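In full-length UniProt numbering, the protein residues as written are 1 to 324.
Okay, structure first, notes after.
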Amino acid sequence: MVVEDVPGPRPGPTEVLIDVAAAGVCGTELHFLDGLLTPARTPITLGHEVAGVVAEVGDGVEDVAVGDRVAVHYRHACHRCRSCQAGNDHLCDAPLGFLAFASDGGFAEQVVVPASAVVRVPDGLDLAVAATLCCSGTTALHAVGVAGVRAGADAVVYGTGGVGLALVQVLREAGARPIAVARDPQRLRLARELGAEVTVDGSGDVEAPIREATGGAGADVVFELVGTRETSAAALASLGKRGTLVYVGYSFDTVEISPLSLVVPEQRIVTSVGNRRSELVEALDLGARGLLRTTVDEHFLDDAPRVLDELRAGRIVGRAVLRP
Ligand SMILES: [Zn+2]
Ligand SMILES: [Zn+2]
């Protein structure tokens, strides 16, 4: 990864040019740099959590105006394909663009996106916080929806990066009982402040404390945000009867599963990827009402390589953002 000067992007018809205020730094960035994910083209500008101010609008743009404070939905859905018609625009079959995966993202001074991909940021909500909600908050909302979490459910959040800390809050709002697992004591403290009822040190035995916290029954839901062989095994072992394991995180690891061990307690494994545009609207609203808080760690764009190293080393607490 390098930081360099490139020609400024220009908005075409139905597109908008945004002066980036902040772009969140996500674990997904590390997956790109490590080769676990491959962008559709290279070189590409990373950064799929972007908020800023509209600087220019292309021909035919009517609903967005210069000066609007906006956040960007990373997957620029066509709103016409089979997935979009079914309400699953996050799985759009023919996206107009896909920030940092197929089109240039927000680790830049400016970015061009389709006008249909932007969402207005409510007054009073800081743009750096709005940027982080584009991925961490929205991913959390989507995952809780996928899992179908009920009030009173014992819900484990396995990993407390940006998505994990957002999950704790969304679960608390849903009336569930969040149990956070992490290795870092500082993050566990933050998880507790944000609503985790129980915190478990992930460097030791995870199953026993979760069984203890759930009266021996095991968890109703485990959100797996790490996705390694080791964490998958611990997550499955912590799951109760009819429990649901939700994969949100992943790694290079593969995981072996014995169907028998799932069938007998009638457990489910489901997955959750990204979020719908409507979930970004909801996350921004929750953020503006103070129900979804983010600890933002601000850096300058030029420091991107160092910030990514810190993220990899687990030294970022909350969500780092890059400001141009
Ligand atoms: Zn992300
Ligand atoms: Zn579509």
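Positions of the beta carbon are idealized from the N, C-alpha and C atoms, including for glycine.
None of the values given here were measured: they were computed from a predicted structure.
Relative to D297, the option among L291, G290, V307 whose CA is nearest is V307.
Not one heavy atom of ligand 2 sits closer than 7 angstroms to the Cβ of A237. Comparing C-alpha distances from V270 to each of D104, E207, E56, G148 shows the shortest one belongs to G148. In the structure shown, the three-state DSSP call for H299 is strand. Going by DSSP, A213 is part of the alpha helix (DSSP H) stretching over 207-213. In the structure shown, L239 falls within a strand segment according to DSSP collapsed to helix, strand and coil.
Linking P324 to I257 through their CA atoms gives a straight-line distance of about 45 angstroms. Here E279 is buried, its C-beta having at least 16 other C-beta atoms within 10 Å.
A196 has its alpha-carbon roughly 11 angstroms from the corresponding atom of D154. Here L141 is buried. Its C-beta has 16 or more other C-beta atoms within 10 Å. At least one heavy atom of ligand 2 lies less than 7 angstroms from the C-beta of S83.
For V255, there is no enclosing alpha helix (DSSP H), as DSSP gives it neither H nor E. Per the coordinates, the alpha-carbon of L36 lies some 33 angstroms from the alpha-carbon of V54. Counting only residues of its own chain and dropping the five nearest sequence neighbours on each side, Y74 has a CB closer than 6 angstroms to the CB of H48, L99.
In the three-state reduction of the DSSP assignment, P7 falls in the coil class, being assigned neither a helical nor a strand state.
Judged by DSSP in its simplified three-state form, D34 adopts helix.
Here the stretch 184-201 does not lie against the stretch 217-230, with fewer than 3 beta-carbon pairs under 8 angstroms apart. Per the Cβ contact rule, the stretch 160-176 is not in contact with the stretch 76-91 (fewer than 3 Cβ pairs under 8 angstroms). Put simply, of D104, G105, R82 the residue whose alpha carbon is nearest the alpha carbon of A94 is R82.
Closer than 7 angstroms to some heavy atom of ligand 1: that does not describe the Cβ of H90.
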